[in-house]
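S.K.: Okay, so the sequence shown: first residue is 4 according to the numbering used here, each after it adds one.
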Amino acid sequence: MTENPNRGLVDVVADATTVSDVDPAHNVLLYRGYSARDLARGHSFLDVVHLLLVGELPAPVELAELDRAVRALRGIDPALEALLASLPLDCHPMDVLRTAVSWLGACDPTSADPSPEAGAEKAVRLLAVLPTIIASDQRRRRGQAPIAPRDDLGFVENFFHMTFGEVPEADVVRAFEVSLILFAEHSFNASTFAARVVTSTRSDLHSAVVAGIGALKGALHGGANQAVMEQFVEIGDPDDVDEWLAARLPQGHKVMGFGHRVYKRGDSRVPTLHAHLRRVVELRDGRELLGFYEVLAGAMLREKGLRPNLDYTSGPLYHLMGFDTCMFTPLFVMARISGWAAHVIEQASDNVLIRPVAVYAGKAMRDVPTVDDRLPRTLGGTRS
Ligand code: COA
């Protein structure tokens, strides 16, 4: 096979974007020029959604309008509810979301409208209803009836209400909101790129989001936050970390929640979320889990020089908040829908078909054999 230093599109500049910048040299992530770390200090997730979709932070009247729209669009159509209730209970929650977005696209009369205005409206509709779908899926898996959204609650408070029937402490609500802000956007990551590829063929926003969900599901991308929690369960005890790593690292096994394609000296988002994790640890008696977290992180730094990425921090955070492990990646979708939509709008506004080329590494050109020459190889046939 021909060596290709760019295999996996490593270091390939596929296009320009104005949505965000991941700058590993300065360890910073910018959303439309603002540091995500600064936005996570005092802004709301809806501020960030407006920033990503429209390009600027909202004026108070614009934020109020977005908030009003999202509150009004939280309900699930009964036909979609019935469809989701018919899915097997053991299918992955990301399959539920993928199916839901596909249905929503099929029923959206503006589905084929590629204008930025229609794109933003479709994004807001998805942003509003996805939390309801995720909360109801979590409850269904626990044998609980869904809880209807409340339009007198904010975005995060309502999500906790729909999932658990109550709104937790303000610090837990804020920690979740900060996770949404930090997960909202991350430039040309695999799922965003998948969404842009779909958009580049002049397909519609829902199809692009379906592709994004499919890409995010994988354990090397968004699925890592679920895998991180499963890893803690598998290791079982912090005292067994070294032995567990010794059985894996020499074989080249990946440890979930560590490393990053772009950040090579640590993920710029982790310190912010880690501060919130520490607060939630205090509130939810999570010192043991945090201790485990630190032991594995220390061992990975020592053994591989690798630092945690955002999935490593969000896994324990979501666990302590009470979410089932299989629901962690859908929580990522709740946030990333804003980034995907911003990229879909950008791609559609100045489109070029994304179509790379490959180095052919197969057989050289040869004659097509006759039927008689095609002996079944499984029967040990040879060709004369
Ligand atoms: N565990 C163990 N080793 C890892 C690793 C991990 N999580 N991530 C990278 N490495 C090692 C590789 O084995 C390789 O080692 P080598 O040079 O000795 O062969 C080296 O670091 C470079 O890895 P590479 O696979 O080229 O990095 P990448 O940029 O292609 O991969 C990820 C980035 C994210 C795919 C990779 O770090 C990974 O699989 N992480 C775990 C999954 C995860 O947390 N994903 C969420 C990302 S936000």
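All residues carry an ideal CB built from backbone N, CA and C; glycine is no exception.
(1) Which term fits Asp207, buried or exposed, when burial requires 16 or more other beta carbons within 10 angstroms of its beta carbon?
(2) Using a threshold of 9 Å, state whether the C-beta atoms of Val51 and Ile184 are closer than that.
(3) Is Asp14 close to the ligand COA? I mean its beta-carbon at under 8 Å from any heavy atom of the ligand.
(4) How would you write the range of the alpha helix (DSSP H) that Tyr321 sits in, first residue to last?
(5) With a floor of 3 residues, list each beta strand (DSSP E) that falls wholly inside the stretch 11 to 94, ordered by position along the chain.
(6) Is it true that the CB of Ser203 sits closer than 9 Å to the CB of Val355?
(7) Going by DSSP, what residues sit across from Phe261 in a beta bridge?
(8) Could you tell me which of Met259, Val104, Glu169, Arg145 sits nearest to Val231, measuring between CA atoms?
(9) If you compare alpha carbons, which of Ala19, Lys366, Arg40 is closest to Ser182?
(10) Provide the residue span of the alpha helix (DSSP H) that contains Phe235, from first to last.
(11) Taking 8 Å as the cut-off, is the C-beta of Arg44 nearer than that to any heavy atom in the ligand COA?
(12) Is the beta carbon of Arg77 closer than 9 Å to that of Pro152?
(13) Does the structure place the stretch 111 to 122 close enough to the stretch 68 to 83 that three or more beta carbon pairs sit under 8 Å?
(14) Assign Cys110 to one of three DSSP states: helix, strand, or coil.
(15) With distances taken from CA atoms, which of Ser114, Ala103, Leu90 is nearest Val336?
(16) With a CB to CB cut of under 8 Å and the five nearest residues on each side skipped, what residues in its chain are close to Leu107?
(17) Rank Ser190, Pro8, Asp70 by C-alpha distance to the C-alpha of Asp24 and give the top, closest one.
(18) My output table needs one value for Gly168: the three-state DSSP class, helix, strand or coil.
(19) Check the C-beta distance from Phe48 over to Val159 and give it rounded, since I have them as a contact under 8 Å.
(20) If you draw a straight line from the alpha carbon of Gly239 to that of Trp247, how long is it in whole angstroms?
(21) Which residues mark the beginning and the end of the alpha helix (DSSP H) in which Lys220 is found?
(22) Along the chain, where does the alpha helix (DSSP H) that runs through Pro119 open and close?
(23) Between which two residues does the alpha helix (DSSP H) harbouring Val244 extend?
(24) Less than 9 Å between the C-beta atoms of Ser271 and His224, yes or no?
(25) Can you give the Cα-Cα distance for Ser387 and Asn9, rounded to whole angstroms?
(26) Should Tyr315 be counted as a contact of the ligand COA given a C-beta to heavy atom distance under 8 Å?
(27) Would a C-beta distance cut-off of 9 Å place Lys220 and His95 closer than the cut-off?
(28) Nearest by alpha-carbon distance to Met303: which of Thr275, Lys257, Gly58 is it?
(29) Comparing the CB of Phe261 with every heavy atom of the ligand COA, is any distance shorter than 8 Å?
(30) Would you report the Cα separation of Glu6 and Lys366, rounded to the nearest angstrom?
(31) Give the DSSP-derived three-state secondary structure of Ser387 in the structure shown.
(32) At a cut-off of 8 Å, would you count Ala222 as near the ligand COA, judging by its Cβ distance to the nearest heavy atom?
M.R.: Concretely, from the data shown:
(1) buried
(2) yes
(3) no
(4) For Tyr321, the uninterrupted alpha helix (DSSP H) segment begins and ends at 313 to 324.
(5) 23 to 26, 31 to 34
(6) When the beta-carbon positions are compared, Val355 and Ser203 come within less than 9 Å of each other.
(7) Note: Phe261 sits in a beta bridge opposite Pro311.
(8) Met259
(9) Arg40
(10) According to the DSSP assignment, Phe235 belongs to the alpha helix (DSSP H) that extends over 227 to 238.
(11) no
(12) yes
(13) no
(14) Three-state result, Cys110: coil.
(15) Proximity to Val336 across Ser114, Ala103, Leu90 peaks at Ala103, based on C-alpha coordinates.
(16) Leu83, Arg128, Leu129, Val132, His209
(17) Ser190
(18) Three-state result, Gly168: coil.
(19) 7 Å
(20) 10 Å
(21) 208 to 220
(22) 119 to 144
(23) 244 to 249
(24) no
(25) The pLDDT assigned to Ser387 is 43, lower than 50, so where the model puts this residue is not dependable; a value taken from the coordinates is nonetheless given after this. Distance between the alpha carbons of Ser387 and Asn9: 41 Å.
(26) yes
(27) A distance below 9 Å separates the beta carbons of Lys220 and His95.
(28) Lys257
(29) yes
(30) 17 Å
(31) Summary for Ser387: the model assigns pLDDT 43, below 50, so the residue's position carries little reliability; its value from the coordinates is reported in the next sentence. Here Ser387 sits in coil by DSSP.
(32) yes
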